Structures are given as C-alpha cells and as structure tokens.
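**Student:**
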Amino acid sequence: MTFNKDIYKEFEDVVGAENICDDPLIMAAYKDNPFAAVIMPKNTAEVSAIVKLCNKHKIIFRPICTGWTGLFVPGSLLIDLRRMNHIIEINEKNMYAVVEPYVISAELQAETFKRGLHFCVKGAGSNCAAILRGHGHLDETTSGDDRNHLAVEWVSPEGDIVHSGSLGSSGEWFSGDGPGISLRSILTSAVPPGASPGIFTKAAVKLYHWPGPTAYSLQGQSPRYTLKDKPAYMMARYFSFSTVEEMFNAEIKIGESEIALEHMGFNPAMVAGNITTCNEEFFEVFGRMAKQVKGPGFFIIIAGTSAEDFAYKKKVLDKIIADNNGESLKMVEDPEIEGILLIQCTRISASIRETFRSGGTFKSIPIMGQRDLTIKWATGAGEAKMPLIKKGLILDDGGGFFGWGVEQGHLGKTEIFCAFNPTNQEAMDAVNQWREDQKARAVREFYFAETMDNSEEVSKKLCNYLEWWHKIHKALDPNDVSPEAGSLV
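This note's numbering runs 112 ahead of the 1-based position in the sequence shown.
#1: Could you tell me the distance, in whole angstroms, from the CA atom of residue 128 to the CA atom of residue 313?
#2: Cβ atoms of residue 399 and residue 379: under 9 Å apart, would you say?
#3: From residue 458 to residue 537, what does the alpha carbon distance come to, in whole angstroms?
#4: From what residue to what residue does the alpha helix (DSSP H) around residue 546 run?
#5: Which same chain residues, not among the five before or five after residue 224, have their C-beta less than 8 Å away from its C-beta?
#6: Enumerated in chain order, which unbroken segments of the beta strand (DSSP E) with a length of 3 residues or greater are wholly contained in the region 195-231?
#7: Using CA atoms only, rank isn't needed, just tell me which of 552, 518, 197 is closest to residue 496.
#8: Kindly indicate which three-state DSSP category residue 482 falls into: helix, strand or coil?
#9: Using only alpha-carbon positions, find the residue among 176, 593, 377, 455 that is nearest to residue 360.
#10: Is it buried or exposed, residue 266, if we count other Cβ atoms within 10 angstroms and call 16 or more buried?
#11: DSSP state of residue 601, grouped into three classes?
#12: Could you pull the start and end residues of the alpha helix (DSSP H) that residue 136 belongs to?
#13: What residue range is occupied by the uninterrupted beta strand (DSSP E) comprising residue 346?
#14: According to DSSP, is residue 121 helix, strand or coil?
#15: Count the other C-beta atoms from every protein chain shown that fall within 10 angstroms of the C-beta of residue 179, then say buried if there are 16 or more, exposed otherwise.
#16: What's the gap between the Cα of residue 285 and the Cα of residue 258?
#17: Which of the three DSSP states is assigned to residue 564 in this structure?
#18: Taking the alpha helix (DSSP H) that residue 583 falls in, what are its first and last residues?
#19: Please say whether residue 366 and residue 521 have beta carbons closer to each other than 9 Å?
#20: What does the alpha-carbon distance come out to for the pair residue 383 and residue 579?
#21: Going by DSSP, name the residue or residues bridged to residue 76.
#22: I want to know whether the region 187-206 touches the region 137-155 - three or more CB-CB distances under 8 Å.
#23: One question on the structure: do residue 347 and residue 414 come within less than 9 Å of each other, judged by their Cβ atoms?
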C-alpha cells in the first residue's frame, strides 16, 4: 500500500519526522525495498502507538532488529528497532540481563564477562541480537533459548503492552512463568512456525557462571587474531574416534561428568574453516587434517575455576577419551591454533567461516531431539551429500555432519550444512532436493521435525500443532496486521 499524507502524518507524530521515511532512494538500503515506509521507534510506548495505528488503518507491519529472515510483505510498514539498543539491567545476584531488541550478543557478552558471567550466544554469531531464539556452541552447559528467555515485555498485534511471567505479577524479571496461565510457549517457542506475532520490546536473558577471563588479550589483525596470553585454566581440544558409537559413548560420559564448558560435534572441515583465513589455506589445512583424524569427532573446551578444578576436569576427560579409543588432533594442540579456537568458539565469531566463505552461501537442516537419534539422522544426511560432492556441486567436506549435546547431553541438536555457489542453478536445485529428501526422512523415521518447517505432514505427527497455532494467531491478531512470518517464508 501507499501511505496518504494524513496516515503518514499520524505515524510521524509518534516518532518525529526524522524517524520515519517513505523515500524510495533512502529505503533502498533495506532488503529488496518492498515497504511503504520505514519507521524507527525509540521505546515501548512508541512501538505500541505504531501498532495501534497499523490496526486502525489495516496496515501490515514487520519488525526487525539484527535479522532479515521471514516474510516481508510488499507495501507493509517496516518497524526498524535499531534505536532500542540498551542493556537495561545486569542482575548479578539473580543471574539475568534485561535487554532491548537491538543489543547484540557481543555487546552483552563483553559486559557479562566483566562480572564473571556469560549466556547462550546463538550459533548464528555474536553480531546477532542477544534475545535471538536459537541454539549455539554453549548449549551443553547453557541449554538453548527455550530455557533462557525469562520474563518478556511484548507488544501484542493489537498494540497492548503485555508483561509475561514474573514481570506481570511482581515487576521482577527472574522467571518466564508466573501465577496462572503462562504465555511463555506462545511468546518464545522455537517450535515451527517459529515466529511469534507482535513485537518484543524487552526480554530477560538467563546468565551463567563464566570461568574465563574478563576479556581476552588479543594480538594480530583481521582476519587472524590470536591470543597474547592463553587463560591458565582453559583448554581446547579436538578428538576423533574410529566409530560413531565410540564418539557417542564419550559424549554421554562427558555430559554425565559435567566437565565441559563447550562441547560441539564439529567435523574436521568446520575446524579447518575456523583456523584459516582464506579458501586456499582452508583446502590445504583440511586436506592435512582429514588424514590425521580417525573418523567422527568432537571439539571440547574445558575451563576450571581453580588449578585443582582444572586438573580434575582434565583427568576425567583423559580417562573418557582413553576408554573410548579417542585420539587428540595434534594440530589443535598447537598453542596458537588452540587460542584461535578458544576466542572464536566462546565469543562465537566462527560461523561465517564455517558456512559462507567456501562457496558463497549454504543451506542446512536443523534437527532437535534425543541425542542418539539426531546422530543417526545426521550420519545418513551426511552420506546423502556424497553424490553432490562427487559432481562438484557442493564443498567437499568429506560428507561431514555435526551435532552437539544440549543440557549435558540430555537432548541433542544437529545442523548439517551444504556449502555451494549460489549462482550455480544446478547446485541450488540439487541442494534443495537434498534438503527436502532429508527432512522427509526425519519425519518418516521419527527422528524429529526440522525446526524451521511448517508442513502439514509434520504437524499431523505432532498433535496438529499448526492448526492450533493458526487459531491462536487469529485470536491474537484479528486484523491480520502481523503475518505469520515463519510459516510463510
């Protein structure tokens, strides 16, 4: 739609003339520029007023903070939340932080490190919003977002300001649930379609003990930073095994012993991507690394709060690895390489090297469920990549798969990649077909649903959740101004 002058003026009165724009030349900076206008509120009251105007004039709105996923309806109002970028509170005693939507993870993590705390930074990277839903490198000890979102301030699709959990009953942020019926699942669920209507304006994020330094001492320059001084009680290693069964047994024991700060089932190609600075170097290092590993493996960081704690964790780790015939990758034992991995895999700045650099883009399939089942599914999905590799359509990573334990291995997550050149249509078609085949296999063999899927077939196997979700969405958004972004991608 096109705003007429009167409607435009109503929105302008909310945020000021400098914070709304319908000039196509200015809006060209935004994705594909399908919008009628872009508006930038500074606080919750302005967000609420904007949403109420959208309902009044039947204007579809789409909020964004740091991400561009989901549906962008032509003619809609883009609500850019970049002015809402404040850390409201870091509560050290009760171990949570309250943030606005545009606070990125790197910013919050830097502040929590100073206080001996950290949180679950999502695998998409530390440049993403701190309140982003998802999973990441630290899931073994911090779990994922469905555990870590506490109380939330939310503007409903009709413009009402809602305080969920303890915030609604006591004015405190410490819990995502409160007396009576809980909105927690509706507001923060990562279950498909994975998109809540309305707009988050503040959220409390759970914090955890951080045994590392208040800040890393870095040297070098981009794209290769190294540690000037490695923390005394931190260690990074990569272990490989002869069989998936031995690897899995070691994973379970590590979870039971609770010795890992981070525990990720990286494949060698991902490790090589993390420690190299260009594709040429990557292929050389990966070639050497692939010859040194025994088979499937994982990456682990242990961190102690004292010399005694660190020594104990190392001793337990050594026994678990020995009991399962694991072998350390010598390349990662090099202090410089180890330091690079410590930085990138706790600050979460590694993902772009693992995914985009080698081919230009990637597609993946995330699966969440019982850990042994996610490994079985991932093994098959990795094998299914081999025909594409042989044809030269995707990066040759040896058919690598990866996954990791969540909550000390009680659950599992895997997200298998195909990296390829997006200008190669044959590669694009082949990867899309691979994704469809392996998603169908996940459903057919009851591993679990792909977490960003919204198909009716998946819904029927999971209590017809889509039918219920559509009903909930309609009740929350009777004027259809906040579309089901995740379900319409």
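Every residue gets a Cβ at the ideal spot worked out from N, C-alpha and C, and that includes glycine.
Please read these numbers as outputs of a predicted model, since none were measured by experiment.
**Tutor:** Taking the coordinates as given:
#1: 19 Å
#2: no
#3: 36 Å
#4: 537-556
#5: 202, 209, 230, 231, 319, 322
#6: 199-203, 208-211
#7: 552
#8: coil
#9: 377
#10: buried
#11: No answer about residue 601 holds up, because its pLDDT of 25 lies below 50 and its placement is not dependable.
#12: 136-139
#13: 346-352
#14: helix
#15: exposed
#16: 16 Å
#17: The pLDDT assigned to residue 564 is 47, lower than 50, so where the model puts this residue is not dependable, and the model offers no usable value.
#18: 577-588
#19: yes
#20: 42 Å
#21: Examination of residue 76 is not possible in this model, given that the chain is present from 113 through 601 alone.
#22: yes
#23: yes
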